[in-house]
Amino acid sequence: MLNVTGIFRSTRQLVVFFVLMIACSHRARDDQPTALGDAADLLDAISSQSDNFIPSAVLNHTWCVVVIPFLIHRNQEIAGDGVASCRERPERWGVPFSITFRGDLSWTQHSDLVIFVLSKSAARALQAADLRIRQRAAAPLASTIPVTTQVDLNAESLSYKHAAGILSSGPVKGTIRRNTSDRSLSSKGADRFLLSLTSLFNSIIPTGIVIHHTAAVPTRNELPPNERDVDYFHQALGLEILCFGRVYHIAYHYLILADGTVKTGRPERCQGAHAKGYNSYLGISVVGDFSGNNNPGGANGARVPRDRQISSLIQLCRRLQARYNIPLQHIVRHSDISSTDCPGRRFPFRFVLKQLEQRPGVAPRSAR
Ligand SMILES: [Zn+2]
Numbered sequence: 021m022l023n024v025t026g027i028f029r030s031t032r033q034l035v036v037f038f039v040l041m042i043a044c045s046h047r048a049r050d051d052q053p054t055a056l057g058d059a060a061d062l063l064d065a066i067s068s069q070s071d072n073f074i075p076s077a078v079l080n081h082t083w084c085v086v087v088i089p090f091l092i093h094r095n096q097e098i099a100g101d102g103v104a105s106c107r108e109r110p111e112r113w114g115v116p117f118s119i120t121f122r123g124d125l126s127w128t129q130h131s132d133l134v135i136f137v138l139s140k141s142a143a144r145a146l147q148a149a150d151l152r153i154r155q156r157a158a159a160p161l162a163s164t165i166p167v168t169t170q171v172d173l174n175a176e177s178l179s180y181k182h183a184a185g186i187l188s189s190g191p192v193k194g195t196i197r198r199n200t201s202d203r204s205l206s207s208k209g210a211d212r213f214l215l216s217l218t219s220l221f222n223s224i225i226p227t228g229i230v231i232h233h234t235a236a237v238p239t240r241n242e243l244p245p246n247e248r249d250v251d252y253f254h255q256a257l258g259l260e261i262l263c264f265g266r267v268y269h270i271a272y273h274y275l276i277l278a279d280g281t282v283k284t285g286r287p288e289r290c291q292g293a294h295a296k297g298y299n300s301y302l303g304i305s306v307v308g309d310f311s312g313n314n315n316p317g318g319a320n321g322a323r324v325p326r327d328r329q330i331s332s333l334i335q336l337c338r339r340l341q342a343r344y345n346i347p348l349q350h351i352v353r354h355s356d357i358s359s360t361d362c363p364g365r366r367f368p369f370r371f372v373l374k375q376l377e378q379r380p381g382v383a384p385r386s387a388r
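Each residue of the sequence shown is one higher than the one before, counting from 21 in our numbering.
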């Protein structure tokens with residue numbers, strides 16, 4: 021029989037030993053949630069970038085995402101453990117799995133690495149066993165390489181590093197290996213990781229503005245008096261989005277009430293659900309029905325928008341144009357891009373454009 025107390029010089033040392041043992045075993049069990057938590061934190065940090073972001077074209081062409089929260093540099097090598105997930109369907113990500121990355125890159129700083137796998141064959145290789153990556157040039161980033169070309173999108177994968185809150189890109193070479201011993205990361209941590217991943221892919225940098233009217237809520241046949249009614253109606257229509265860790269129902273980004281008050285629908289950086297093919301445009305809806313067909317005599321509220329509503333709309337458009345460098349040509353009516361009457365023939369769109377035109381030009385942001 022091993023005399024345990026003989027190894028340790030005092031009972032106190034023995035107690036410390038057991039405490040450390042327990043702590044270590046807890047740490048081992050908690051490794052998966054920690055890795056997933058770190059990976060989710062990294063995705064959240066990337067989602068919240070407002071000046072330097074991954075172009076929507078890259079996100080839209082992505083089959084798998086590999087997140088390595090911290091790379092360790094050893095001599096000329098870098099290595100790190102991370103998490104990956106691949107799309108099962110366009111809107112659904114598969115159960116995350118753990119990976120290990122080994123390679124080299126010219127970055128000297130300690131950093132995190134996020135890899136977007138763009139080709140189906142590369143996605144299959146990653147899911148099966150391992151994927152070799154070799155990126156010779158920087159991947160497109162809105163601040164440094166604003167135009168995403170087909171050449172960029174034909175790459176097997178695109179890699180970005182994240183260090184000190186800044187995204188950048190450069191040459192990378194290495195192998196991502198799926199950890200076969202991993203019993204799939206189906207835990208609470210996995211749920212959080214998938215929420216953060218979905219949020220990242222639902223985020224946008226607005227490139228235009230679509231103007232709508234709300235028309236009447238069909239179930240009640242009257243105009244929505246406030247944003248809560250629109251929220252309820254759009255929830256029933258299933259227009260919700262998960263973005264920045266929260267669910268939003270209102271399809272528009274802004275709502276302008278009858279008295280001219282501006283209410284927020286969903287955050288500006290979250291994809292809209294207001295105009296098919298144009299949901300990276302901000303949706304602004306003016307409460308009212310300005311259609312000659314549906315509201316010919318004014319039974320469904322005012323036949324034209326009120327002055328206060330128009331004045332709020334112009335101010336809001338100016339603010340958004342300045343914030344996202346939106347050109348006047350990218351401010352459209354819903355009817356300009358879709359077969360609909362919205363926001364109605366009586367909506368004074370030309371007047372709004374003329375007012376916006378009169379303001380001093382939007383200074384181009386050199387960063388984009
Ligand atoms: Zn509309």
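By construction, the Cβ of each residue, glycine as well, lies at the ideal position given by its N, Cα and C atoms.
Next item on the list: Please check the pair Pro363 and Arg353, which I expect to be a contact at CB under 8 Å, by giving their CB distance rounded to whole angstroms.
Entry: For the purposes of this step, residue 363 is taken as the residue at position 343 of the sequence shown. For the purposes of this step, residue 353 is taken as the residue at position 333 of the sequence shown. 6 Å between Cβ atoms; contact.
Margin query: Is it buried or exposed, Asn246, if we count other Cβ atoms within 10 angstroms and call 16 or more buried?
Written below: Sequence index remark: in the sequence shown, residue 246 carries index 226 (1-based). Its Cβ having fewer than 16 others within 10 Å, Asn246 is exposed.
Note to self: Does the beta-carbon of Cys362, which I'm using as the reference point, lie nearer than 7 Å to any heavy atom of ligand 1?
What the structure shows: Mapped onto the sequence shown, residue 362 falls at position 342. Cys362 has its Cβ nearer than 7 Å to a heavy atom of ligand 1.
Next item on the list: Grab me the residues of Ala235's own chain with a C-beta within less than 6 Å of its C-beta, minus the 5 sequence neighbours each way, in chain order.
Entry: Stepping through the sequence shown from its first residue, residue 235 is reached at position 215. For Ala235, where only same-chain residues beyond five positions count, the Cβ hits under 6 Å are Asp309.
Next item on the list: Output the boundary residues of the alpha helix (DSSP H) element that contains Cys106.
Entry: By one-based count along the sequence shown, residue 106 stands at place 86. Per DSSP, Cys106 belongs to no alpha helix (DSSP H); it is in the beta strand (DSSP E), Glu97 to Arg109.
Item checked: Cα-Cα separation between Glu377 and Lys296, rounded to whole angstroms -> The sequence position of residue 377 within the sequence shown is 357, counting from 1. The sequence position of residue 296 within the sequence shown is 276, counting from 1. Each residue's Cα considered, the two are about 27 Å apart.
Next item on the list: Ignore the nearest five residues each way along the sequence and tell me which others in Ile334's own chain have a CB closer than 8 Å to its CB.
Entry: Walking along the sequence shown from the start, residue 334 turns up at place 314. If we look at Ile334 and ignore the five residues flanking it on each side, its Cβ neighbours are Val372, Gln375 and Leu376.
Notebook entry, point to check: Is the stretch 213-226 touching the stretch 91-106 in the sense that three or more CB pairs, one from each, lie closer than 8 Å?
Noted result: yes
Notebook entry, point to check: Who does Ala142 pair with in a DSSP beta bridge?
Noted result: In the sequence shown, residue 142 corresponds to position 122, counting from 1. None, per the DSSP bridge assignment.
Next item on the list: Kindly list the residues whose CB is nearer than 6 Å to the CB of Ala99, restricted to its own chain and excluding five residues on each side of it in sequence; keep chain order.
Entry: Your numbering for residue 99 matches position 79 in the sequence shown. Answer for Ala99: Ile92 and Arg122, listed in chain order.
Check: Would a C-beta distance cut-off of 8 Å place Arg323 and Asn315 closer than the cut-off?
Finding: Looking up residue 323 in the sequence shown gives position 303. Looking up residue 315 in the sequence shown gives position 295. Going by C-beta atoms, Arg323 is nearer than 8 Å to Asn315.
Next item on the list: Report the partner residues of Leu91 according to the DSSP bridge assignment.
Entry: Your numbering for residue 91 matches position 71 in the sequence shown. For Leu91, which the question treats as bridged, DSSP gives no partner whatsoever.
Check: Can we count His254 as close to ligand 1, meaning its CB is less than 7 Å from some heavy atom?
Finding: To locate residue 254, count along the sequence shown from 1; it is residue 234. No; taking the cut-off as 7 Å, the Cβ of His254 has no heavy atom of ligand 1 nearer than that.
Check: Would His273 pass as a contact of Leu302 if the rule is Cβ separation under 8 Å?
Finding: Taking the first residue of the sequence shown as 1, we reach residue 273 at position 253. Taking the first residue of the sequence shown as 1, we reach residue 302 at position 282. Pairing His273 with Leu302 gives a Cβ-Cβ distance under 8 Å.
Notebook entry, point to check: Is His294 near ligand 1, with its Cβ less than 7 Å from a heavy atom?
Noted result: The count along the sequence shown starts at 1 and reaches residue 294 at position 274. Indeed, a heavy atom of ligand 1 lies less than 7 Å from the Cβ.
Margin query: Just checking His232 against ligand 1 - is the residue's beta carbon closer than 7 Å to any of the ligand's heavy atoms?
Written below: Indexing the sequence shown from 1 puts residue 232 at position 212. Yes; taking the cut-off as 7 Å, the Cβ of His232 has a heavy atom of ligand 1 nearer than that.
Next item on the list: Identify whether Ala43 lies in helix, strand or coil by the three-state DSSP scheme.
Entry: Indexing the sequence shown from 1 puts residue 43 at position 23. Residue confidence for Ala43 is low, a pLDDT of 38 falling below 50, so the modelled location carries little weight and cannot support an answer.
Notebook entry, point to check: Below 8 Å between beta carbons: does that hold for Ile346 and Arg289?
Noted result: Taking the first residue of the sequence shown as 1, we reach residue 346 at position 326. Taking the first residue of the sequence shown as 1, we reach residue 289 at position 269. Going by C-beta atoms, Ile346 is not nearer than 8 Å to Arg289.
Margin query: Between the alpha carbons of Ser76 and Ser68, how many angstroms are there, rounded?
Written below: For the purposes of this step, residue 76 is identified with residue 56 of the sequence shown, where counting begins at 1. For the purposes of this step, residue 68 is identified with residue 48 of the sequence shown, where counting begins at 1. About 14 Å.
Next item on the list: Output the distance between the C-alpha atoms of Asn320 and Leu243, rounded to the nearest integer angstrom.
Entry: Taking the sequence shown and counting its residues from 1, the one referred to as residue 320 is at position 300. Taking the sequence shown and counting its residues from 1, the one referred to as residue 243 is at position 223. Roughly 7 Å between the two C-alpha positions.
Check: For His354, is the beta carbon positioned less than 7 Å from some heavy atom of ligand 1?
Finding: Walking along the sequence shown from the start, residue 354 turns up at place 334. Within the cutoff, so yes.
Note to self: Need the endpoints of the alpha helix (DSSP H) that Cys337 sits in, please.
What the structure shows: Start at 1 with the first residue of the sequence shown, and residue 337 comes out as number 317. Asp327 to Tyr344 is the extent of the alpha helix (DSSP H) around Cys337.
Next item on the list: Check each candidate in Glu111, Leu138 and Ala293 and name the one with the smallest Cα separation from Cys84.
Entry: Counting from one through the sequence shown, the residue named residue 84 turns up at place 64. Looking at the Cα atoms, Leu138 is the closest of the given residues.
Margin query: Rounded to the nearest angstrom, what separates Ile153 and Ser300 at their Cα positions?
Written below: Looking up residue 153 in the sequence shown gives position 133. Looking up residue 300 in the sequence shown gives position 280. Approximately 30 Å, taken between the alpha carbons.
Next item on the list: Give the DSSP bridge partners of Gly123, in chain order.
Entry: Position 103 of the sequence shown, counting from 1, holds the residue named residue 123. DSSP, once it has assigned bridges, lists Ile98 and Gly194 as partnering Gly123.
Note to self: Could you tell me the alpha carbon to alpha carbon distance between Arg94 and Tyr180, rounded to whole angstroms?
What the structure shows: Indexing the sequence shown from 1 puts residue 94 at position 74. Indexing the sequence shown from 1 puts residue 180 at position 160. Those two C-alpha atoms are separated by around 20 Å.
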